[in-house]
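Novice: Numbering (the numbering used here), first residue to last: 1 to 409. Yeah, the Cβ is synthetic: ideal placement off N, Cα and C, and Gly gets one too.
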Amino acid sequence: MEGASRDLPQDILMDIFATLEIPDLVRAGSVCSSWRSAYSRLRSLGHYTRPQTPCLLYTSESAGESVACLYSLAEKRTYKLTLPGPPISSRHLIGSSQGLLVTVDDRSEMHLVNPITGEQIDLPSVITIEQVKPVYSDSGALHKYEFSWHSAARVYGPPSVSAPEELRSKLHHKAFVFSDDTCNGYIVVLIHNPFCQLSFARAGGDSWIWLPPHTHYDDCIYKNGLLYAVTSFGQIHAFDLSSPVVTMKMITGESDLEDRFLNAYIVQAPWGNLLQVWRLYEHCDLEPEPGASVFWNTGELIIYEVDASSGERTKKTSCLRDHVLFLGHNQSLCLAAQDYPALKGNHAYFTDDNVLWTKGFKNNPRDMGILDLGNNGREELVSPQLCSNCPAPVWMTPNLRKMKLAFNE
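1. Smallest Cα separation from Thr298: which of Ser40, Val104 and Asn376?
2. At a cut of 8 Å, does the segment 30-44 reach the segment 9-18 through at least three beta carbon pairs?
3. Among Val394, Gly311, Thr317 and Thr314, which residue has its Cα nearest to the Cα of Tyr349?
4. CA-CA distance, Ser137 and His143?
5. Is the segment 150-168 touching the segment 70-81 in the sense that three or more CB pairs, one from each, lie closer than 8 Å?
6. Which residue comes first and which comes last in the beta strand (DSSP E) that contains Pro134?
7. Output the distance between the C-alpha atoms of Lys223 and Pro124, rounded to the nearest integer angstrom.
8. Give the straight-line distance between the Cα atoms of Leu171 and Thr49, rounded to the nearest whole angstrom.
9. Taking the alpha carbon of Gln268 as the reference point, which residue from Tyr281, Tyr304 and Asp256 has its own alpha carbon closest?
10. Check each candidate in Arg77, Thr358 and Asp240 and name the one with the smallest Cα separation from Arg91.
11. Taking only the alpha-carbon atoms, compute the straight-line gap between Leu343 and Leu325 and give it to the nearest angstrom.
12. Would Gln98 be called buried (16 or more neighbouring beta carbons within 10 Å of its own) or exposed?
13. Between the segment 52-68 and the segment 24-33, are three or more C-beta pairs nearer than 8 Å?
14. Tell me Tyr156's beta-bridge partners as DSSP assigns them.
15. Kindly list the residues whose CB is nearer than 6 Å to the CB of Pro194, restricted to its own chain and excluding five residues on each side of it in sequence; keep chain order.
16. Just to confirm my understanding: we take Leu57, look at its own chain, exclude 5 residues before and 5 after, and list those with CB closer than 6 Å. What are they?
17. Buried or exposed: where does Asp353 fall if 16 or more other Cβ atoms within 10 Å of its Cβ makes it buried?
18. Within the same chain, show all residues whose beta-carbon is closer than 7 Å to that of Met250, passing over the 5 residues directly before and after it, in chain order.
19. Using 10 angstroms around the beta-carbon of Arg77, count the other beta-carbons present and answer buried if the total reaches 16, otherwise exposed.
20. What residues match up with Met396 in a beta bridge as DSSP calls it?
21. Thr19 by DSSP, collapsed to three states: which one?
22. Could you work out which residue in Glu254, Ile22 and Glu109 is closest to Pro115 when comparing CA atoms only?
23. Determine the direct distance from the alpha carbon of Pro270 to that of Gln338, and round the result to whole angstroms.
24. Do Ala203 and Tyr186 have their C-beta atoms closer together than 8 Å?
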């Protein structure tokens, strides 16, 4: 039977392959030359448009320093992906969107990596960020970075000098890759310190563009030339990046929720409105007894619908019915469960998204799992013991698109 299936006409093979999730599709393409040909044609013709179920990407010491583990929710199995150097275990992972990872190497420079295709490209140098200046040695080699602790509104303290590998722990927080329909390319948005400001870079550009004057941003989305960013206080700002001069307007003011949440998210709902999501933590212990572990557990999500045109928070809800949230150190997603049979409607799939866990508290339990939005019940996703503590696990939606094409190179 297996031999007969390998002899199927290419068009029938392509029709079958078009129904597969990407991890299974890549595996099928390696079976034999006929299947590899069908797989390659499917990609090159652009006929592969199947919606992809997000996967959990993490590292494991037992897998090797250059290997990423990809847990497929659709297949409930783990794939191992060998990524280009430097080793993924030595990098900080600060974002995942459009099927691409945003990583920071040990010189604090950023790269985009497609873990499915193995492609990698450099982002503009960290020295083009407003708050960073290079410090060169007598021989002209990059020696250190000077990091300025200022925003547009104030100076928080004197500049500090860091070794190249140390800057990333001070500067980088979270990054996003967005399709930019206004120029047929991509933009990358970076939330960075001091105090979580915004900068962005366009595909093909050679520098980061600062977006003052506000601080304390937690999350971003991008739609029709507008970058929507939510602050820790609940404000939503919209930046118009489609014109040469960037403008900003306030969409919503500060939230009146009690100050017991630690992460805010902004999500594009499939039905058109924005979702403003608050992640509340409970059962925290950052100073445990000797020998006990530090831990921090997600207990509840509070969700508002926001009309982007009016700025009105139209509805507070704890129920998304047949929709699913993905939250973590990655682009926030809201998906229709009916399009993804492996997912549970009215549930949130979450991973660590607090700086204490993304940059510190090594070898402590991770806050990751599946939350039932109806009763706040939790279930385990994969054993937290499987995940190494650096870099932090992220959700990733597999993507076979070639980066060179995507970035017009």
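Specialist: So, from the data block:
1. Asn376
2. These segments touch.
3. Val394
4. 5 Å
5. no
6. Val132 to Tyr136
7. 23 Å
8. The straight-line gap from Cα to Cα measures roughly 37 Å.
9. Per the Cα distances, Tyr304.
10. Thr358
11. Near 10 Å, if we compare the C-alpha coordinates of Leu325 and Leu343.
12. buried
13. Of all C-beta pairs linking the segment 52-68 to the segment 24-33, fewer than three are shorter than 8 Å, placing the two stretches out of contact.
14. Answer is none; Tyr156 lacks a bridge partner.
15. Trp149 and Tyr156
16. Result list for Leu57: Ala68, Leu70, Val394 and Met396, in chain order.
17. buried
18. Gln235 and His237
19. exposed
20. Cys55
21. coil
22. Ile22
23. If I take the Cα positions, the gap works out to 12 Å.
24. yes
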